[in-house]
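Engineer: This is the structure, below, for whatever I ask next.
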Amino acid sequence: MSNDNARPHRAKIVTDFFEDKNIALWTHPPYSPDLNPLDYGCFSELKRMLRGNMFNSWDQLTSSLEDIFRQCKENEKFKSIRRLPER
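Note that the sequence shown covers residues 1462 to 1548 in the working numbering.
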């Protein structure tokens, strides 16, 4: 998970969630648009794919997100995210 170390990202509830889910954090300096996946259209594409869906539980949302990421695995818009460690 990309993290710019902003205050909300350092909140105990957030850090506990990442730790509980064994999510590794990749930190980068703040104000680094060249390292921000938002600038590559990833989240706008994710938003488009989720639009109109209703979720009754956290499990439904995470299941849908997992399906989307599986579908987008080879999508051009997501290649830049996989290349972030090279930057």
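Ideal Cβ placement from N, Cα and C applies to all residues, glycine included.
No experiment lies behind these values; they were computed from the predicted model shown.
Rounded to a whole number of angstroms, what is the C-alpha to C-alpha distance between D1520 and L1526?
Structural biologist: Your numbering for residue 1520 matches position 59 in the sequence shown. Your numbering for residue 1526 matches position 65 in the sequence shown. Their backbone Cα atoms lie some 10 Å apart in a straight line.
Engineer: Are F1516 and L1522 closer than 8 Å when you measure CB to CB?
Structural biologist: Position 55 of the sequence shown, counted from the first residue, corresponds to residue 1516. Position 61 of the sequence shown, counted from the first residue, corresponds to residue 1522. Cβ distance < 8 Å, so F1516 and L1522 count as in contact.
Engineer: Can you name the start and end residues of the alpha helix (DSSP H) that D1477 belongs to?
Structural biologist: Within the sequence shown, residue 1477 is the residue found at index 16, counting from 1. For D1477, the enclosing alpha helix (DSSP H) starts and ends at 1473-1481.
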